[in-house]
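Presented below is the structure to which this report refers.
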Amino acid sequence: MTRQMTGAKMVVQALKDQGVDTVFGYPGGAVLPIYDEIFQQNDIQHILVRHEQAAVHAAEGYARSTGKVGVALVTSGPGATNAVTGLTDALMDSIPIVVLSGQVPTFMIGSDAFQEADTVGITRPCTKHNWLVKDTADLSSVLHQAFHVSASGRPGPVLVDIPKDVQFASSSYTPKPKAPVGHYQPQVKGDMETITALVEAIETAERPVFYTGGGVINSGPAASQLLRELVEATGIPITSTLMGLGSYPASGKNWLGMLGMHGLYEANLAMHGCDLMINIGARFDDRITGRLDAFSPKSKKAHIDIDPSSINKVIKTDLPIVGDVGHVLEDMLKVWKARGRKVNREALAKWWRQIEEWKQVKCLSYKGSETTIKPQYALERLEALTKGRDRYITTEVGQHQMWAAQYLGFEDPNRWMTSGGLGTMGYGFPASVGVQVAHPEALVINVAGEASWLMNMQEMGTAVQYRLPVKQFILNNERLGMVRQWQQLLHGERYSSSWSEALPDFVKLAEAFGAKGIICKDPADLDDAIMEMLNHDGPVIFDCLVEKHENCFPMIPSGEPHNKMLLGDAQATNAIAGKGAVLV
Amino acid sequence: MSALQIKKGSSKHSAYNLRPTFSDVQEAHTITVLVENEPGVLARVIGLFSGRGYNIDSLTVAEVDHEGHLSRITIVTTGTPQVIEQIKAQLGRIVSVRDVHDLTAEGSSVERELALMKVSGSGDKRVEALRLADIFRAQVVDSTLESFIFQLTGAPDKIDAFADLMRPLGLVQVARTGVAALSRGTA
Chain V
1 MTRQMTGAKM VVQALKDQGV DTVFGYPGGA VLPIYDEIFQ QNDIQHILVR HEQAAVHAAE
61 GYARSTGKVG VALVTSGPGA TNAVTGLTDA LMDSIPIVVL SGQVPTFMIG SDAFQEADTV
121 GITRPCTKHN WLVKDTADLS SVLHQAFHVS ASGRPGPVLV DIPKDVQFAS SSYTPKPKAP
181 VGHYQPQVKG DMETITALVE AIETAERPVF YTGGGVINSG PAASQLLREL VEATGIPITS
241 TLMGLGSYPA SGKNWLGMLG MHGLYEANLA MHGCDLMINI GARFDDRITG RLDAFSPKSK
301 KAHIDIDPSS INKVIKTDLP IVGDVGHVLE DMLKVWKARG RKVNREALAK WWRQIEEWKQ
361 VKCLSYKGSE TTIKPQYALE RLEALTKGRD RYITTEVGQH QMWAAQYLGF EDPNRWMTSG
421 GLGTMGYGFP ASVGVQVAHP EALVINVAGE ASWLMNMQEM GTAVQYRLPV KQFILNNERL
481 GMVRQWQQLL HGERYSSSWS EALPDFVKLA EAFGAKGIIC KDPADLDDAI MEMLNHDGPV
541 IFDCLVEKHE NCFPMIPSGE PHNKMLLGDA QATNAIAGKG AVLV
Chain D
1001 MSALQIKKGS SKHSAYNLRP TFSDVQEAHT ITVLVENEPG VLARVIGLFS GRGYNIDSLT
1061 VAEVDHEGHL SRITIVTTGT PQVIEQIKAQ LGRIVSVRDV HDLTAEGSSV ERELALMKVS
1121 GSGDKRVEAL RLADIFRAQV VDSTLESFIF QLTGAPDKID AFADLMRPLG LVQVARTGVA
1181 ALSRGTA
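Those sequence lines, one after another, are chains V and D.
Throughout the first sequence, residue numbering follows the numbering used here, covering 1 to 584 in sequence.
Throughout the second sequence, residue numbering follows the numbering used here, covering 1001 to 1187 in sequence.
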């Protein structure tokens, strides 16, 4: 039996059928019928954000921390254009979200109507797919397709643009199982011949390394479990990109830490010196590879990725495997076990001795201080005081983000939300809101820099309104720290516009929103202040005044390979010279 | 990047332009893409080419299966083998794309293009144009006392050759459809 309903009701019904419990959004003229339907039901909660960009980042945080599809609802015109940064962010980091936007009525499209924008045109390059629905009869089917496309294959953002007259008109509802999604079915099983060839390579490799990425997390918790099993059983060292932290536990004995531009010395040298690199769900991003013609020169490279276009995009791969990480790992383990669980034990032991030597460099050591809080110290204390708790971390973008990746340990997947590909300042706070909504009882901390945090500070309103006890841990150096660092290394210490002048009093700011503010500038007070933040049942802005000119190390200067890392300030003068300077 | 005078393939330069392990040879490929005929699908394909900096030498598009709502887009593009592979992979992951074939790589194919050429002139030149048109099997589809419009179909190089011959004889305008192509054989 077909059910007749309005387009607006279809939206709510489709969301329910897709198992959606939360929508992040902001109302406006072109979505009023949908908001009217949301008002008249109790199954889906709507979180009112203070800016559409924040709605999308919150949906990303929700999606990344639950493994479900996140949903945002915005109005036409400015609502949709404000969502563009979030959509691009989700596209770069492969986060499954569905954004629903209102549109002016179909008969007014193209007339430069009030709050009209060519939303599908604007968002075409920043979504995995998008739709403009011109007929209510198609709406429910398109909505189900949108969820399918967003979550299938390499996940990503999709947008459905719904004109207001389509929301008002009635038609019959297409239930979820009847929606046509058959032709979009990305390949999940890897090619068995190549998988067997990879297992053979693992059996004989002398210096193998696993290089894992966000794809492991996107593949689901089972993929992380399989990865752990494979790593433990083979004894091969493992490093991960920023996006993949948590898929293998930081306390695991084979863990080398994060790799890349600000990755650990041992992780980068292992990548440079390996003879077999097994890339699982990562994409040879330029933050990872450094100089391409000197990237891991002696290794055979295997690449497991669900997106065929990631293979051979920047690095030529010897063993390409297109498939879902979970499926491929399962097959790899099966083949490896069936062939007698072999590895080159002797060579591996020698490889580990080499890695232990690199670890002795202790690349994360820093000069402590008794008078000022070092940002690294603040994160070490935060780690120590929150370890073992049900903890989720989000970050903004910059030095604090890299320090958080270096000094915090992640034991499980879906616990670390950060903007990797796009590097969106202003991501962390709304993402923390999304995470807290999904996990009301958990401890959610946004490690932030003061400049990034100000970009979406209006979300204090959201946090207070919904009593979301998100902790905003701001490492305040009164600088755009990473910009300042690059200006020091690259632009003759001319600090052009990288000073955060006229900062607010963060304690008063918190109080103005009805939240708690804490300021801390003495290392001796830090533990007590952090405990005060953790013990407060409500949102907190923690203004941690840190050393103003600290640089983030280790660092691979742009245009250099992995084995040319800088470990501290002494090496940093004129580190990036000549043509390396064109790199970002 | 070109404004910075950076040589491709050498070290210490832009990460976005460094392809040390890949061949530098430019090849022309004819790629045929079967897409769902829905609004914006052509923009998706063109946007991919412009957004990622690929070349389009020629492009044709029309609906080929009315009931199945399928259109065929035929693109002639140039790039290194690695870029061609990327183009195919990138096209393949567009949700509205059903099928991607590289006709140049997949064996022999038939490529045809239609051109209209207006040639103005009188006297000997006019006679010569008509004579050459006959050799090329071009048809006269419009005529005045001082001009012809020729219609010519064939492979792109045949059309190039005809245009080259017509130029000294008074070629004033050319319209070309771009390449339509299919693979030879039963499938």
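We put the beta carbon where it would ideally sit given N, CA and C, even for glycine.
Because the structure is a prediction, the values reported are computed rather than measured.
| Asked | Found |
| --- | --- |
| Check whether the Cβ atoms of V/ILE530 and V/LEU385 lie closer than 8 Å to each other. | yes |
| Taking a contact to mean a Cβ-Cβ separation below 8 Å, would you say V/ARG381 touches V/ASP275 in this structure? | no |
| Using a 10 Å radius around the Cβ and a threshold of 16 neighbouring Cβ atoms, would you call V/ARG207 buried or exposed? | buried |
| Just mark V/HIS327 as buried or exposed, buried being the case when its beta carbon has 16 or more other beta carbons within 10 Å. | buried |
| Return the residue from the list V/ALA294, V/ASP21, V/ILE373, V/ILE38 that minimises the CA-CA distance to V/MET10. | V/ILE38 |
| Is V/ILE278 helix, strand or coil when you go by DSSP? | strand |
| Which same chain residues, not among the five before or five after V/ASN82, have their C-beta less than 6 Å away from its C-beta? | GLU52, GLN53 |
| Can you list, in chain order, the residues of its chain whose CB lies under 6 Å from that of V/ALA250, leaving out five sequence neighbours each side? | GLY409, PHE410 |
| Does DSSP put V/ILE44 in a helix, in a strand, or in coil? | coil |
| Considering just the uninterrupted stretch of the beta strand (DSSP E) at V/ARG391, what are its terminal residues? | 391–395 |
| Look at the alpha carbon of D/ALA1180 and the alpha carbon of V/VAL98, and state the distance between them as a whole number of angstroms. | 37 Å |
| Count the other C-beta atoms from every protein chain shown that fall within 10 angstroms of the C-beta of V/ARG341, then say buried if there are 16 or more, exposed otherwise. | exposed |
| V/ALA201 and V/LEU333 - do their beta-carbons sit closer together than 8 Å? | no |
| Checking the sheet assignment: what are the DSSP bridge partners for D/ARG1072? | D/LEU1034, D/ALA1062 |
| Does the Cβ-Cβ distance between V/SER591 and V/ALA179 come in under 8 Å? | Residue 591 of chain V falls outside the range modelled here, since chain V spans only 1 to 584, and no answer is possible. |
| Within 10 Å of its beta-carbon, does D/MET1166 have 16 or more other beta-carbons around it, so buried, or fewer, so exposed? | buried |
| Would you decide whether D/PHE1150 is buried or exposed? Buried here means 16 or more other CB atoms lie within 10 Å of its CB. | buried |
| Could you pull the DSSP bridge partners for V/CYS520 from this structure? | V/CYS544 |
| To the nearest angstrom, how far is it from the Cα of V/LYS359 to the Cα of V/GLU266? | 6 Å |
| Using a beta-carbon distance below 8 Å, is V/LYS564 in contact with chain D? | no |
| Identify the contact partners of D/ARG1044 in chain V, using a Cβ-Cβ distance below 8 Å as the criterion. | ARG124 |
| Does chain D have any CB closer than 8 Å to the CB of V/HIS144? | no |
| Among the residues of its own chain, which have a CB less than 6 Å from the CB of V/ILE315, if the five just before and after it don't count? | PHE284 |
| Would you kindly report the start and end of the unbroken alpha helix (DSSP H) that includes V/ASP331? | 325–338 |
| Quick one: what's got a C-beta closer than 6 Å to D/SER1011's C-beta in the same chain, skipping five residues either side? | Bear in mind that a pLDDT of 39 at D/SER1011, under 50, signals an unreliable position, so the model cannot answer this. |
| Report yes or no: do three or more beta-carbon pairs, one from the region 279–299 of chain V and one from the region 242–260 of chain V, lie closer than 8 Å? | yes |
| So D/VAL1100 and D/LEU1091 are in contact, right, with Cβ under 8 Å, and what is the actual spacing, rounded? | 5 Å |
| Assuming V/ALA463 contacts V/MET425 (C-beta within less than 8 Å), just tell me the rounded distance between them. | At roughly 19 Å, the Cβ-Cβ gap does not stay under 8 Å, so V/ALA463 and V/MET425 are not in contact. |
| Expressed to the nearest angstrom, what Euclidean distance is found between the alpha-carbon atoms of V/THR371 and V/TRP336? | 55 Å |
| Nearest chain V C-beta to D/VAL1138 closer than 8 Å, yes or no? | Note on identity: in this sequence residue 1138 of chain D is Ala, with Val being the wrong assignment. Chain V contact via Cβ: absent. |
| Tell me which same chain residues have a C-beta within less than 7 Å of the C-beta of D/LEU1004, skipping the five on either side of it? | Residue placement at D/LEU1004 cannot be trusted, given a pLDDT of 43 that sits under 50; the coordinates are not used to answer. |
| Which value, in whole angstroms, describes the spacing of the CA atoms of D/ARG1176 and D/ALA1161? | 14 Å |
| With a 10 Å radius around its C-beta and 16 neighbouring C-beta atoms as the bar for buried, classify V/GLN18 as buried or exposed. | buried |
| Could you list the residues in the region 160–194 of chain V with a C-beta less than 7 Å from some C-beta on chain D, going in chain order? | HIS183, TYR184 |
| Are there 16 or more other CB atoms within 10 angstroms of the CB of V/TYR407, so buried, or fewer, so exposed? | buried |
| Please check if any C-beta of chain D sits within less than 8 Å of the C-beta of V/ASN551. | no |
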